[in-house]
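Novice: Please find one structure pasted underneath; my questions will follow.
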Amino acid sequence: MTNRFPGPVVVDPPGLIVGVRAFADDLLDFVSLNPFRLAWPHAPAGHHVLTAVATDNRGASSTSDPVEVTVLDYSLPPIVTVRATDPIASEGYSNTATFTVHRTGPTNSDLVVNYQVGGTASNGVDYAELPSSVTIPAGRSAAEILVAPIDDELVEGLETVILKLLTPSCSDVTTPSNDCYLVGRSDQALAIIRDNDRINVPPIVKILNPEDGEIFKADSDIRLTAGAWDYDGSVKSVEFFEGTNSLGVVTNATPFTDLWKDNSTVFPLVGWLSLYSLTWSNVPSGDYVLTAVATD
């Protein structure tokens, strides 16, 4: 930077001005030609006090009143941006998402970049807690921020993590410090956490024996059989009821891979069917409503 300062008004009634020494904190130069002007090349950033000392042909000198000036460093601070370079994370599979923060300009010093996180996922609850800043080390132009999901047993579906860069407050207006930067247009990015927990689908159960409307003699032993299967797991037990009265719980199943038969129509079995049976002994005469409840 080169600053030009007009020469001071120099008057010496009894004699002749032969030169002016200009000072900016220290001696800048000596000017001997009128008008007394000089250039201050590469003026350093900061606050400076300027003075001028005039000398006449008789050796007398006089110092001007001080003038204070401020020189600004107009070199731009680095510009930072963020992208989701790996936008998908998953619970339970050590699969992290990655945000990458980039910077421009020289990389001769560390750069601390501040950010905040939002979205439907909670910081420190749905993923390992993230701090509020990331450091881009000296010699590098980017740094990564990893989103590591916390595996829980909650059915949450897809959750989002939004990272937004924050603009710092620069401490020195004349020479930006190493913690100064500008935020570019790409100031936020989105990542998604996939859930590995699913809604539990209830098992399916059907009484196969006796058939609906079947008639038995009084005091007979009736064999109760139900078929059950579970779409997303396995059947743990089947309990038989007469009305609200429990007739017993069956946990030992017999695998069955035959076909459903209903009203002379054959339906192929979907999934893995297991049979659960017990004997209802000495059943007195009467009308009964039988049900079976399967638990996975």
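When you number the sequence shown by our numbering, it's gap-free, plus one each residue, and the end is 297.
Ideal Cβ positions, reconstructed from N, Cα and C, are used throughout, including at glycine.
Just so it is clear, the structure is predicted and the values come from calculations on it, not from any experiment.
When DSSP builds the beta bridges, which residues end up paired with LYS165?
Specialist: Here residue 165 corresponds to residue number 164 of the sequence shown, with the count starting at 1. DSSP, once it has assigned bridges, lists GLN117, GLN189 as partnering LYS165.
Novice: So for ALA53, helix, strand or coil by DSSP?
Specialist: On the sequence shown, residue 53 is found 52 positions in, with the first residue counted as 1. In the structure shown, ALA53 sits in a strand (DSSP, three-state: E or B).
Novice: Have a look at LEU276, ASN246, PHE241 and flag the residue whose alpha-carbon is nearest the alpha-carbon of ALA254.
Specialist: Reading the sequence shown from its first residue, position 253 is the one you call residue 254. Per the Cα distances, LEU276.
Novice: Taking C-alpha atoms, which residue in SER278, PRO169, LEU274, THR64 lies nearest to ILE223?
Specialist: Position 222 of the sequence shown holds residue 223. Per the Cα distances, SER278.
Novice: Measure the alpha-carbon distance for VAL113 versus ALA98 and round it to whole angstroms.
Specialist: Along the sequence shown, one-based indexing puts residue 113 at 112. Along the sequence shown, one-based indexing puts residue 98 at 97. One C-alpha to the other measures close to 21 angstroms.
Novice: Measuring straight from C-alpha to C-alpha, what distance separates PRO204 and PHE241?
Specialist: Against the sequence shown, residue 204 aligns to sequence position 203. Against the sequence shown, residue 241 aligns to sequence position 240. Each residue's Cα considered, the two are about 15 angstroms apart.
Novice: Kindly indicate if chain B contains any beta-carbon less than 8 angstroms away from that of TYR182.
Specialist: As a matter of chain content, chain B is missing from the structure shown, which is built from one protein chain.
Novice: Between the C-alpha atoms of ALA190 and GLU154, what's the straight-line distance to the nearest angstrom?
Specialist: The count along the sequence shown starts at 1 and reaches residue 190 at position 189. The count along the sequence shown starts at 1 and reaches residue 154 at position 153. The alpha-carbon atoms of ALA190 and GLU154 are separated by roughly 27 angstroms.
Novice: Would you tell me roughly how many angstroms separate the C-alpha atoms of TYR21 and ASP57, rounded to the nearest one?
Specialist: For the purposes of this step, residue 21 is taken as residue 20 along the sequence shown, with counting starting at 1. For the purposes of this step, residue 57 is taken as residue 56 along the sequence shown, with counting starting at 1. Note on residue identity: the sequence assigns Val, not Tyr, to residue 21. For VAL21 and ASP57, the distance between alpha carbons rounds to 9 angstroms.
Novice: Output the boundary residues of the beta strand (DSSP E) element that contains GLY228.
Specialist: Counting from 1 along the sequence shown, the entry for residue 228 is found at position 227. Its beta strand (DSSP E) spans residues 221-230.
Novice: Taking Cβ positions, are VAL70 and SER187 nearer each other than 8 angstroms?
Specialist: Taking the first residue of the sequence shown as position 1, residue 70 is located at position 69. Taking the first residue of the sequence shown as position 1, residue 187 is located at position 186. Going by C-beta atoms, VAL70 is not nearer than 8 angstroms to SER187.
Novice: Check this for me: beta carbons of THR136 and ALA144, under 8 angstroms apart or not?
Specialist: Taking the first residue of the sequence shown as position 1, residue 136 is located at position 135. Taking the first residue of the sequence shown as position 1, residue 144 is located at position 143. Yes, the Cβ-Cβ distance between THR136 and ALA144 is below 8 angstroms.
Novice: With DSSP run on the structure shown, which of helix, strand or coil describes HIS103?
Specialist: Indexing the sequence shown from 1 puts residue 103 at position 102. Strand at HIS103.
Novice: Below 8 angstroms between beta carbons: does that hold for SER235 and VAL250?
Specialist: Counting from one through the sequence shown, the residue named residue 235 turns up at place 234. Counting from one through the sequence shown, the residue named residue 250 turns up at place 249. No, the pair does not count as a contact, with Cβ atoms beyond the cut-off.
Novice: Under a three-way DSSP split, which group does PHE37 fall into?
Specialist: Here the question's residue 37 lines up with position 36 in the sequence shown. Residue state, collapsed to three classes: coil.
Novice: Do the region 99-119 and the region 150-170 touch if we need at least three Cβ pairs shorter than 8 angstroms?
Specialist: The answer is yes - the region 150-170 touches the region 99-119, with three or more Cβ pairs under 8 angstroms.
Novice: Can ALA229 and VAL206 be called in contact, C-beta distance under 8 angstroms?
Specialist: Looking up residue 229 in the sequence shown gives position 228. Looking up residue 206 in the sequence shown gives position 205. Yes, these two residues count as a Cβ contact at 8 angstroms.
Novice: Pull up the DSSP beta-bridge partners for THR64, would you.
Specialist: Along the sequence shown, read from residue 1 onward, the residue named residue 64 stands at position 63. For THR64, which the question treats as bridged, DSSP gives the partners VAL54.
Novice: For VAL102, which of THR64, PRO67, PRO79, ALA295 has the nearest alpha-carbon?
Specialist: Indexing the sequence shown from 1 puts residue 102 at position 101. Comparing Cα positions, the closest option is PRO79.
Novice: Three-state secondary structure (DSSP) at PHE217?
Specialist: By one-based count along the sequence shown, residue 217 stands at place 216. It is coil, neither helix nor strand.
Novice: In the structure shown, what three-state DSSP assignment does GLY249 receive?
Specialist: To locate residue 249, count along the sequence shown from 1; it is residue 248. Correct three-state label for GLY249: strand.
Novice: Hey, out of GLY60, HIS48, ALA55, whose CA is closest to VAL68's CA?
Specialist: Indexing the sequence shown from 1 puts residue 68 at position 67. Among GLY60, HIS48, ALA55, the Cα nearest to that of VAL68 is on HIS48.
Novice: Might you give, ordered along the chain, the residues of its own chain that have their beta carbon closer than 8 angstroms to the beta carbon of ASN197, omitting 5 neighbours on each side?
Specialist: Counting from one through the sequence shown, the residue named residue 197 turns up at place 196. Answer for ASN197: SER91, GLU92, GLY93, TYR94, ASP152, listed in chain order.
Novice: Who are the Cβ neighbours of SER134 in its own chain at under 8 angstroms, not counting the five residues just before and after it?
Specialist: Here residue 134 refers to the residue found at position 133 of the sequence shown. Cβ neighbours of SER134 beyond the five flanking positions: VAL113, VAL114, ASN115, TYR116.
Novice: Starting from ASP87, follow its DSSP beta bridges and name the residues at the other end.
Specialist: The residue labelled residue 87 in the question sits at position 86 within the sequence shown. DSSP lists THR99 as partners of ASP87.
Novice: Alpha carbon to alpha carbon, how far is LEU225 from THR245?
Specialist: Taking the sequence shown and counting its residues from 1, the one referred to as residue 225 is at position 224. Taking the sequence shown and counting its residues from 1, the one referred to as residue 245 is at position 244. C-alpha separation (whole angstroms): 16 angstroms.
Novice: Would you mind sorting TYR182 into buried or exposed? The rule is 16 or more other CB atoms within 10 Å of its CB.
Specialist: As a working mapping, residue 182 is identified with position 181 in the sequence shown. TYR182 is buried by the Cβ-count criterion.
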